Amino acid sequence: MQTKGKLPAFLISIFLSVFLAIYLSYLTDQVIRLFLRITHTDILNLHFSVNPLDIPQYAKKFYAGMLLFGILYETIILIWLTYQFFFHKAKLSNVSEYKVTDYISIPRPVGNGQHGKAWFADEQEIQSISSDLNVKTQNEKLQSGIVLDYKSNIVRYMKILAHSITIALTGAGKTRRVLLPSICLQILAGDSFFV
2 MQTKGKLPAF
12 LISIFLSVFL
22 AIYLSYLTDQ
32 VIRLFLRITH
42 TDILNLHFSV
52 NPLDIPQYAK
62 KFYAGMLLFG
72 ILYETIILIW
82 LTYQFFFHKA
92 KLSNVSEYKV
102 TDYISIPRPV
112 GNGQHGKAWF
122 ADEQEIQSIS
132 SDLNVKTQNE
142 KLQSGIVLDY
152 KSNIVRYMKI
162 LAHSITIALT
172 GAGKTRRVLL
182 PSICLQILAG
192 DSFFV
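Start counting at 1 in the sequence shown, then tack on 1, and there's your number in the numbering used here.
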């Protein structure tokens with residue numbers, strides 16, 4: 002929405018914020034005066050009202066306190082309204098998709114209220130957490146991990162502990178391509194496991 006389209010809503014919000022600031026200053030001034038009077042007078046004679054119809058009568062008595070709190074509240078509300086209407090840019094309109102496979106694509110996180118930081122590893126991160134293993138020429142002790150990919154004798158697996166999730170359709174080969182090779186790699190590495 003352009004700034005021109007936001008202007009009527011902004012002006013209506015300012016008009017309503019004046020009443021909100023007056024009411025909040027009325028309540029705040031009463032609470033402060035209530036706490037100040039507790040030490041000087043009898044607690045049974047205290048009076049606290051939340052009725053907005055009592056504001057004009059109260060304002061005649063305690064104009065200075067209400068004016069101070071009213072200006073404070075109105076300033077805070079105006080700063081917040083100005084930010085929300087003119088400077089806050091929602092990023093939901095810029096959602097692009099991340100292609101997981103040829104058939105699966107998901108929206109990218111845009112940082113507009115989502116929780117968490119988990120995301121798919123990019124190629125550089127995959128290189129840092131994975132290692133290639135040639136099963137036939139490997140002479141040293143193997144390290145276990147989750148198998149990411151394998152082709153004939155070369156196995157790419159996660160060499161460090163990291164979270165992973167396998168997403169695929171039913172019958173797409175999650176057990177055949179990930180679980181069973183990972184179990185075999187653990188057996189070759191001499192690790193114990195429980196399935």
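In this text, a Cβ means the ideal position worked out from N, Cα and C, and glycines have one as well.
This structure is a prediction, so every number in the text was calculated from the model and none was measured.
Do you know whose CA, among the options, lies nearest residue i's CA?
i    : options                  : result
D123 : Y99, T138, K137 and A190 : Y99
A163 : R177, V148 and L170      : V148
W276 : D133, S129 and S165      : Residue coverage of the chain in this structure runs from 2 to 196, which leaves residue 276 outside it and unanswerable.
K137 : V101, L189 and T102      : L189
I105 : L170, Q58 and L54        : L170
S50  : Q31, L8, A65 and L68     : Q31
When you compare only the Cα positions, how much space is there between residue i and residue j?
i    : j    : result
G6   : W81  : 18 Å
T29  : I23  : 10 Å
S97  : Y151 : 31 Å
D103 : I168 : 13 Å
V101 : Y74  : 49 Å
D192 : I127 : 23 Å
If residue i and residue j are in contact, beta carbons under 8 Å, what's the gap, nearest whole angstrom?
i    : j    : result
I1   : L12  : Any answer about residue 1 is impossible in this case: the structure gives the chain only from 2 up to 196.
S131 : Y158 : 6 Å
Compare the C-beta of residue i against all C-beta atoms of chain D and say whether one is closer than 8 Å.
i   : result
I13 : Chain labels in this structure do not include chain D; a single protein chain is all it has.
Is the beta carbon of residue i sitting closer than 8 Å to the one on residue j?
i    : j    : result
S145 : L186 : yes
G71  : S18  : no
N135 : I161 : no
With a 10 Å radius around its C-beta and 16 neighbouring C-beta atoms as the bar for buried, classify residue i as buried or exposed.
i    : result
L35  : exposed
S183 : buried
Q85  : exposed
Q125 : exposed
Y64  : exposed
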